[in-house]
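Residue numbers (our numbering), protein chains in the order written: chain A, 1 to 404; chain B, 1 to 140.
C-beta atoms are modelled at their ideal positions from N, C-alpha and C, and glycine is treated no differently.
What follows is a single structure, written as structure tokens, with notes after it.
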């Protein structure tokens, strides 16, 4: 039974005050908070078995290695990867995408085409632009509708035997749209193109099954799903990860090193140069345990309820417009009030203890599409309440009255 | 008036308000009296970097004094730049260079001084002082 009040007790930070008001944290799409259970895993690591992994003969090193690899298995099971070495620990989604983009520089030829969706985060645009510059490949954009849904007919027309890679987010960070990635993947595979799905925004809400999706690459950041910052994962199909060259050189990723030649380690170590974020990886595993204990179906149902309630309440405010009204969307509401700059609203809300994001949300092309400087974004997590939605709505009303 | 006197005047005005809401409302009011930048100077070159909202500033030397005009598309930001323009405009470049800006703290806008803030009050101060440095060099 989903009990939000019981869940909130797991998150000490939710008890704090901001500017003398109880914190109402609605910036979960930027980063989510950390439950005690995950903090305990971090403290346990440093208190009991802090050591470098995969190298030492001593007990601590062995224990740390076991726990780190156990976390990899948890991630494998969670996303239903066929093999544990298809899970690469990274510092997060940005690192994951750069790793793949860098690898493809050896696989592309001039004139090859890359397709990017119109609603990407900068981290799923810029690495590919850099790749296109290096290789002479051409970057083409899959357009979206005013509702914030990808135009799938246009996508199909853009696909050809020149298309080598398609990349798209599972859920848009700025609009909340859940993209039809099944179809995107199938259609890309039909022309022989690989697909990378940025799952940073989806992973906190949806349990993706990478085998069922048949996706080639899937990326996740732990800090958006109750884990710590600075750790995440790249899922890649074994055949693709074997084709890509290593991203960074160093310790851990080698088989043998001489000054004449180095041979690389097998997966996943080939992509994990240097001492990794060991504690972070273990805490990522603990975060998955925590969320799975609550259950992703219960989380999705509750967040959907919050989204519907918040959408309805916000739309009652005069002059308020929501950007991103896709049929399938997650608990993200991007909005503006006519004649008011989003930054001004965010400033007033902060004074009221309400944390939202304002600005372009690292997705400037979306703001250009709507011809706006930015939006106010409220993004809800399963620990938010309807009462907090009411506080937000009152806050926005107050801000609007002051600012108009 | 000297910069220090103007700053004291602003501190006195803000001290009349008890809570942040009134202070913000007053700041918004001050924004309305900002000497607006001529539209022709509202170019990308004159946008202050580091602000989430757009802020344009133009400086011109009149005799030996620097006169600022500005604008912003966000009204709180416009209030902030209005306070700075009121402090620094019609002053000698050397005085602007030497002026401190601690009065911002005293009028209850301390949170805007954090370099972390996307509104870029720090960037605004830096930009006004950079103009002063540039014109001072010219005067020398």
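When the Cα of residue i is compared with those of the options, which residue comes out closest?
i, options, result
"residue 334 of chain A", "A:237, A:307, A:376 and A:308", "A:376"
"residue 34 of chain A", "A:362, A:356, A:284 and A:364", "A:284"
"residue 99 of chain A", "A:161, A:21, A:218 and A:330", "A:218"
"residue 348 of chain A", "B:43, B:45 and B:28", "B:28"
"residue 379 of chain A", "A:309, A:53 and A:82", "A:309"
"residue 279 of chain A", "A:9, A:90 and A:146", "A:90"
"residue 36 of chain A", "A:350, A:6, A:304 and A:252", "A:6"
"residue 196 of chain A", "A:221, A:170 and A:205", "A:170"
"residue 234 of chain A", "A:357, A:361, A:138 and A:200", "A:200"
"residue 30 of chain B", "B:87, B:41, B:56 and B:120", "B:87"
"residue 103 of chain B", "B:94, B:125 and B:91", "B:125"
"residue 156 of chain A", "A:143, A:147 and A:148", "A:143"
"residue 132 of chain A", "A:120, A:114, A:145 and A:123", "A:114"
"residue 136 of chain A", "A:242, A:75, A:112 and A:118", "A:112"
"residue 95 of chain A", "A:122, A:384, A:293 and A:116", "A:122"
"residue 9 of chain B", "B:130, B:121, B:106 and B:123", "B:106"
"residue 73 of chain A", "A:79, A:225 and A:84", "A:84"
How long is the line joining the alpha carbons of residue i and residue j, rounded to whole angstroms?
i, j, result
"residue 60 of chain A", "residue 277 of chain A", "16 Å"
"residue 194 of chain A", "residue 12 of chain A", "42 Å"
"residue 68 of chain A", "residue 249 of chain A", "21 Å"
"residue 92 of chain A", "residue 40 of chain A", "21 Å"
"residue 315 of chain A", "residue 397 of chain A", "11 Å"
"residue 247 of chain A", "residue 215 of chain A", "21 Å"
"residue 110 of chain A", "residue 207 of chain A", "37 Å"
"residue 52 of chain B", "residue 359 of chain A", "6 Å"
"residue 103 of chain A", "residue 167 of chain A", "15 Å"
"residue 203 of chain A", "residue 141 of chain A", "24 Å"
"residue 77 of chain A", "residue 190 of chain A", "28 Å"
"residue 138 of chain B", "residue 369 of chain A", "43 Å"
"residue 228 of chain A", "residue 33 of chain B", "47 Å"
"residue 160 of chain A", "residue 107 of chain A", "17 Å"
"residue 17 of chain A", "residue 209 of chain A", "39 Å"
"residue 395 of chain A", "residue 25 of chain B", "15 Å"
"residue 51 of chain A", "residue 64 of chain A", "6 Å"
"residue 63 of chain B", "residue 132 of chain B", "14 Å"
"residue 32 of chain A", "residue 44 of chain A", "21 Å"
"residue 186 of chain A", "residue 192 of chain A", "10 Å"
"residue 82 of chain B", "residue 12 of chain B", "16 Å"
"residue 127 of chain B", "residue 100 of chain B", "14 Å"
"residue 56 of chain B", "residue 72 of chain B", "6 Å"
"residue 149 of chain B", "residue 372 of chain A", "Absent from the structure is residue 149 of chain B, since the part of chain B shown begins at 1 and ends at 140."
"residue 2 of chain A", "residue 356 of chain A", "25 Å"
"residue 402 of chain A", "residue 337 of chain A", "12 Å"
"residue 153 of chain A", "residue 220 of chain A", "28 Å"
"residue 46 of chain A", "residue 53 of chain A", "14 Å"
"residue 42 of chain A", "residue 300 of chain A", "27 Å"
"residue 282 of chain A", "residue 71 of chain A", "5 Å"
According to DSSP, residue i sits in a beta bridge with which residue or residues?
i, result
"residue 91 of chain B", "B:66"
"residue 105 of chain A", "Paired residue(s): none; residue 105 of chain A is not in a bridge."
"residue 140 of chain A", "A:115"
"residue 58 of chain B", "B:69"
"residue 218 of chain A", "A:197 and A:235"
"residue 17 of chain A", "A:22"
"residue 150 of chain A", "A:144"
"residue 378 of chain A", "A:333"
"residue 257 of chain A", "A:262"
"residue 178 of chain A", "A:171"
"residue 165 of chain A", "A:114 and A:194"
"residue 47 of chain B", "B:56"
"residue 36 of chain B", "B:70"
Which bits of chain C does residue i rub up against, with CB to CB less than 7 Å?
i, result
"residue 344 of chain A", "Going by chain labels, chain C is absent from the structure shown, which instead holds the protein chains A and B."
Can you confirm whether the segment 162-178 of chain A touches the segment 318-326 of chain A when touching is taken to mean that 3 or more C-beta pairs between the two stretches lie within less than 8 Å? Yes, they touch.
Counting pairs of beta carbons, one from the segment 72-86 of chain B and one from the segment 331-349 of chain A, are three or more of them closer than 8 Å? yes
Within the chosen definition, does the segment 24-35 of chain A reach the segment 385-395 of chain A through at least 3 CB pairs nearer than 8 Å? yes
Which full runs of the beta strand (DSSP E) of 3+ residues lie inside the segment 226-255 of chain A, going along the chain? 232-236
For a minimum of 4 consecutive residues, which ranges assigned as the alpha helix (DSSP H) are wholly contained in the segment 301-362 of chain A? 342-351
Entirely enclosed beta strand (DSSP E) segments - the segment 22-102 of chain A, minimum 3 residues: 87-90
Would the segment 1-10 of chain B count as touching the segment 203-218 of chain A if we require 3 or more Cβ pairs under 8 Å? no
Can you confirm whether the segment 32-50 of chain B touches the segment 7-22 of chain B when touching is taken to mean that 3 or more C-beta pairs between the two stretches lie within less than 8 Å? no
Determine contact between the segment 257-273 of chain A and the segment 127-140 of chain A, defined as no fewer than three beta-carbon pairs at a distance below 8 Å. no
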